[in-house]
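S.K.: So the sequence shown is numbered by the working numbering: it starts at 72 and just counts up by one.
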Amino acid sequence: MHILLYVPDNQVTNNFVPQLWPFVLQRLTPKDHRVSIIDGNVRYLSEQELVDFIVQNDVGLVGMGFMTRMAQKAYRMAAAIRRETGVPIVMGGPHVTEVPNEPLGLTGHPQYADAVVLGEADDTWPRVVRDAAAGTLQQFYQPAVIDGKDVKPSLKNYPQVRWDRIDLSLFDLMRFVPSTAKRMLKRLGLNHDELYVVPVESGRGCPYGCEFCTVTGFFGDQIRFRDNQNVIDELLCLKALGKEKNALVSVFFIDDNFAINRKRTKSLLRDMIAQDACVPWIAQISMNLLRDEELVRLIAESGGRWIFMGLESIDPDSLKVANKSFNKPAEYAEILNLLAKYELYAITSFIFGMEGDRPGVSENTYRQVDAWPPGLPVFGILTPYPATPLYDRLQSEGRLTRPEHWLDFQAFKAAYLPKGLTADQAEDEVRRAWAHCYRPRAFRKSQDWLLRNGKTFGYQVMHFVARILFRGIYFPQMTRWAWIKLLARNYSTIGSLVFQGLKSQRRARRKRSDTAALPQTPAAGASAALRESNLKGMAGQAPVWKAAGSLGDGEEPRRESIRTSSRVT
72 MHILLYVPDN QVTNNFVPQL WPFVLQRLTP KDHRVSIIDG NVRYLSEQEL VDFIVQNDVG
132 LVGMGFMTRM AQKAYRMAAA IRRETGVPIV MGGPHVTEVP NEPLGLTGHP QYADAVVLGE
192 ADDTWPRVVR DAAAGTLQQF YQPAVIDGKD VKPSLKNYPQ VRWDRIDLSL FDLMRFVPST
252 AKRMLKRLGL NHDELYVVPV ESGRGCPYGC EFCTVTGFFG DQIRFRDNQN VIDELLCLKA
312 LGKEKNALVS VFFIDDNFAI NRKRTKSLLR DMIAQDACVP WIAQISMNLL RDEELVRLIA
372 ESGGRWIFMG LESIDPDSLK VANKSFNKPA EYAEILNLLA KYELYAITSF IFGMEGDRPG
432 VSENTYRQVD AWPPGLPVFG ILTPYPATPL YDRLQSEGRL TRPEHWLDFQ AFKAAYLPKG
492 LTADQAEDEV RRAWAHCYRP RAFRKSQDWL LRNGKTFGYQ VMHFVARILF RGIYFPQMTR
552 WAWIKLLARN YSTIGSLVFQ GLKSQRRARR KRSDTAALPQ TPAAGASAAL RESNLKGMAG
612 QAPVWKAAGS LGDGEEPRRE SIRTSSRVT
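1. What did DSSP end up calling arginine 468 once you bin it into helix, strand or coil?
2. Tell me the DSSP secondary structure of arginine 105 in three-state form.
3. Taking the alpha carbon of lysine 484 as the reference point, which residue from Pro79, Gly424, Ile294 and Arg341 has its own alpha carbon closest?
4. Between which two residues does the beta strand (DSSP E) carrying glycine 176 extend?
5. What residue from Met549, Gly566, Asn299 and Val232 has the CA that sits closest to arginine 515's CA?
6. Cutting at 6 angstroms between CB atoms, please list the residues of its own chain near valine 188, excluding the five before and the five after it.
7. The alpha helix (DSSP H) that contains arginine 236, what's its start and end?
8. Considering only the beta carbon of each residue, do lysine 395 and cysteine 281 sit closer than 9 angstroms?
9. Take leucine 266 and list the residues in its own chain whose beta-carbon comes closer than 6 angstroms to its own, dropping the five residues that flank it on each side.
10. Excluding five sequence neighbours on each side, which residues of the same chain lie with their C-beta closer than 7 angstroms to the C-beta of valine 113?
11. Rounded to whole angstroms, what is the Cα-Cα separation between alanine 613 and lysine 412?
12. How about leucine 175: is its Cβ closer than 8 angstroms to a heavy atom in the ligand ZN?
13. Under the three-state reduction of DSSP, which class applies to proline 89: helix, strand or coil?
14. Helix, strand or coil, according to DSSP, for aspartate 80 in the structure here?
15. Excluding the 5 residues preceding and the 5 following arginine 275 in the sequence, name in chain order all residues of the same chain whose CB lies nearer than 6 angstroms to its CB.
16. Examine the Cβ distances between the segment 532 to 548 and the segment 459 to 476 and report whether three or more of them are shorter than 8 angstroms.
17. Count the other C-beta atoms from every protein chain shown that fall within 10 angstroms of the C-beta of valine 216, then say buried if there are 16 or more, exposed otherwise.
18. Here's the rule I'm using: 16 or more other beta-carbon atoms within 10 Å means buried, otherwise exposed. How should glycine 176 be labelled?
19. Using 8 angstroms as the threshold, is the segment 296 to 307 in touch with the segment 470 to 478, meaning 3 or more CB pairs across them?
20. For glycine 254, tell me which candidate among Arg577, Trp554 and Arg583 has the shortest Cα-Cα distance.
21. Can you tell me whether valine 322 is buried or exposed, with buried defined as 16 or more other CB within 10 angstroms of its CB?
22. Are aspartate 363 and arginine 341 closer than 9 angstroms when you measure CB to CB?
23. Tell me, which residues are paired with alanine 186 by DSSP?
24. Going by the DSSP bridge assignment, what does tryptophan 352 pair with across the sheet?
25. Along the alpha helix (DSSP H) that carries alanine 417, what are the first and last residues, could you check?
26. Do serine 357 and isoleucine 331 have their C-beta atoms closer together than 9 angstroms?
27. According to the neighbour-count rule (16 or more other Cβ atoms, all chains shown, within 10 Å of its Cβ), is aspartate 80 buried or exposed?
28. Going by DSSP, which residues form a beta bridge with lysine 220?
29. Does the segment 382 to 390 come close enough to the segment 343 to 353 to have 3 or more Cβ pairs within less than 8 angstroms?
30. Looking only at its own chain, which residues have a Cβ that is under 8 angstroms from the Cβ of glutamate 155, when we skip the five neighbours before and after it?
31. Who are methionine 135's beta bridge partners in DSSP?
32. Pick helix, strand or coil for threonine 544, following the three-state DSSP scheme.
33. Within the continuous alpha helix (DSSP H) that includes isoleucine 152, where are the two ends?
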């Protein structure tokens, strides 16, 4: 049987990175079946094009996994498949687990799926495939239950993804960048045609249970981890592929909370260093866990570049209502400065429309952001996802204005009545924050901070490229003309980067010239060999980010970093 695993696009940004779940399920599919993967965030297909692919390739089963914001698109594509083919559709993921009757047509809406998979599908998927092949597909598939709780996959025998057999161009972040901008970036010192950002998971689950979050409801509060060596073998494979393809490979650890067990995380990072599996990486980590300076140091030494953290608010009362009082706004600046001390930077996420928010909340927030080391702030509006405590509370209070907002998806639009401001005001606060933090002056302010603090040219380019890409989450910049205007508006920062790039090149040429002029005596050769040996030995010490390969400076491609929006199976 030919199986198609399809990911609908998220209707906001086209995820920076394809989702991981299809590649995991591909590895779990019984060997006598063929699997194709289409991620709509990378390969956009119209409804008719998807139907044509299914018919022309004799697909016998379609699997779809998605989050709530993808539901509208998933249902639209499924409706076309059901209308024009007789191919059964199985749906799963967080949204389907939250509202399993909806895709089956049991809530008054049309039927979009023949079967649904509840929770994590690792242990369930082989049974789904066997039933589909036998023509005995059931409506519901769910994990075993013991003492009232779902039995979760242990991850002890996690199926490593065979990245060496996958077209990594799907993970190339440079696919978003027009050729003109690529040429400019090469002149600035970004010496790679491709920048792969590959999703890897080392564990699942989160015990915190924030009011607005679907993670605990889907993955549970039972924390599970892959064995260290299982993770490291995957990293070593990716590192070798990057070297082979002369590409910069980065990893996004998509764990719900990468450092939730600090002892285990430190063990993994030490093993990465010891086995030279260090790659540039990004992960999601709660800020309260980053008070541990030893953990921060190990993150840096193992190749960490960016940490995604949900700060959500600078108001303690709002955080308390959201069951996230472990975030302490008074500590934000101290912890962010600790990260910057180790060349680590933050992707800070904020939510507007929380219970304590009033008009002007965006300005209060971005004034604090302005005082921190440069990072990548992102802003959204509070969204009541189905089956979360937030949804249930707002529903009981009669404050939901669009109870099935996912069926009429509108990015950055309120689906409820905020308490301290109107829905229009909340949306405007989001717009103001994005406009302030991604205006040309913000780009230049970040560059000036990096220069003032003696950061290398590679870090300067890394920040500029990352800020350009993150700006695209809110502001449309998919056309060539949009890129031309964007780069023109940032002429001041680009001019500074060009100047710094030329200085870096001159220093490199002068260093090569001085080295060539030295007499090549046996003693000098031995000394040079010793220096090289010492530099390699430093890979597990403080300056590993240089050994790991930062963006630019003509360094060898050696690492990985950035994120998947979500893993849905």
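We put the beta carbon where it would ideally sit given N, CA and C, even for glycine.
M.R.: The structure says:
1. Residue numbering aside, residue 468 sits at position 397 when the sequence shown is read from its first letter. Checking the sequence, you will find glutamate at residue 468 rather than arginine. In the structure shown, the three-state DSSP call for glutamate 468 is coil.
2. Residue numbering aside, residue 105 sits at position 34 when the sequence shown is read from its first letter. Looking at arginine 105 - three-state DSSP - the assignment turns out to be strand.
3. Looking up residue 484 in the sequence shown gives position 413. Of Pro79, Gly424, Ile294 and Arg341, the residue nearest in Cα terms is Gly424.
4. What you label residue 176 is simply residue 105 of the sequence shown in a count that begins at 1. The continuous stretches of beta strand (DSSP E) do not include glycine 176, and DSSP gives it neither H nor E.
5. Taking the first residue of the sequence shown as position 1, residue 515 is located at position 444. Check the Cα spacing between arginine 515 and each of Met549, Gly566, Asn299 and Val232: the tightest is with Gly566.
6. For the purposes of this step, residue 188 is identified with residue 117 of the sequence shown, where counting begins at 1. Around valine 188: Gly163, Thr195 and Tyr212.
7. Numbered from 1 along the sequence shown, position 165 holds the residue referred to as residue 236. No alpha helix (DSSP H) holds arginine 236; DSSP gives it neither H nor E.
8. The count along the sequence shown starts at 1 and reaches residue 395 at position 324. The count along the sequence shown starts at 1 and reaches residue 281 at position 210. At a Cβ-Cβ threshold of 9 angstroms, lysine 395 and cysteine 281 count as neighbours.
9. Numbered from 1 along the sequence shown, position 195 holds the residue referred to as residue 266. Correct list, in chain order: Leu244, Met245 and Leu319.
10. On the sequence shown, position 42 is the one that residue 113 refers to. Once the five neighbours on either side are set aside, the close Cβ partners of valine 113 are Pro89 and Leu241.
11. Along the sequence shown, read from residue 1 onward, the residue named residue 613 stands at position 542. Along the sequence shown, read from residue 1 onward, the residue named residue 412 stands at position 341. A caution first: alanine 613 carries a pLDDT of 29, below 50, which makes its placement in the model unreliable, though a value can still be read off. Distance between the alpha carbons of alanine 613 and lysine 412 is about 11 angstroms.
12. Absence of the ligand ZN is noted for the structure shown, with no ligands found whatsoever.
13. Start at 1 with the first residue of the sequence shown, and residue 89 comes out as number 18. When secondary structure is reduced to three states using DSSP, proline 89 falls in the coil class, being assigned neither helix nor strand.
14. Within the sequence shown, residue 80 is the residue found at index 9, counting from 1. Here aspartate 80 sits in coil by DSSP.
15. As a first step, residue 275 is located in the sequence shown; it is residue number 204 there, counting from the start. Excluding residues within five positions, the ones whose Cβ falls inside 6 angstroms are Phe290 and Arg295.
16. Touching, no, given that fewer than three Cβ pairs across the two stretches are closer than 8 angstroms.
17. As a working note, residue 216 is residue 145 in the sequence shown. It is exposed - the Cβ of valine 216 has fewer than 16 other Cβ atoms within 10 Å.
18. In the sequence shown, counting from the first residue as 1, residue 176 sits at position 105. Exposed: under 16 other Cβ atoms inside 10 Å.
19. These segments do not touch.
20. Here residue 254 refers to the residue found at position 183 of the sequence shown. Sequence inspection shows arginine at residue 254; the glycine mentioned does not correspond to that position. Selected option, being the one with the closest Cα: Trp554.
21. Here residue 322 corresponds to residue number 251 of the sequence shown, with the count starting at 1. Classification for valine 322: buried.
22. Residue numbering aside, residue 363 sits at position 292 when the sequence shown is read from its first letter. Residue numbering aside, residue 341 sits at position 270 when the sequence shown is read from its first letter. In this structure, arginine 341 does not lie closer than 9 angstroms to aspartate 363 by Cβ.
23. For the purposes of this step, residue 186 is taken as the residue at position 115 of the sequence shown. DSSP, once it has assigned bridges, lists Val161 as partnering alanine 186.
24. In the sequence shown, residue 352 corresponds to position 281, counting from 1. Answer by DSSP bridge pairing, in chain order: Val322 and Gly375.
25. Indexing the sequence shown from 1 puts residue 417 at position 346. That residue, alanine 417, is in no alpha helix (DSSP H); its beta strand (DSSP E) goes 416 to 423.
26. Against the sequence shown, residue 357 aligns to sequence position 286. Against the sequence shown, residue 331 aligns to sequence position 260. It is a contact, given that the beta carbons lie within the stated cut-off.
27. Residue numbering aside, residue 80 sits at position 9 when the sequence shown is read from its first letter. That one is buried.
28. Here residue 220 refers to the residue found at position 149 of the sequence shown. Ile217.
29. Counting Cβ pairs under 8 angstroms, fewer than three are found: no touch.
30. Locating residue 155 in the sequence shown gives position 84, where the first residue counts as 1. Result list for glutamate 155: Val122 and Val126, in chain order.
31. To locate residue 135, count along the sequence shown from 1; it is residue 64. Methionine 135 is bridged by DSSP to Tyr77 and Met162.
32. Here the question's residue 544 lines up with position 473 in the sequence shown. One point to set straight first is that residue 544 is isoleucine, not threonine, in the sequence displayed. In this structure, isoleucine 544 counts as coil in the three-state DSSP scheme.
33. The count along the sequence shown starts at 1 and reaches residue 152 at position 81. First-last of the alpha helix (DSSP H) with isoleucine 152: 142 to 155.
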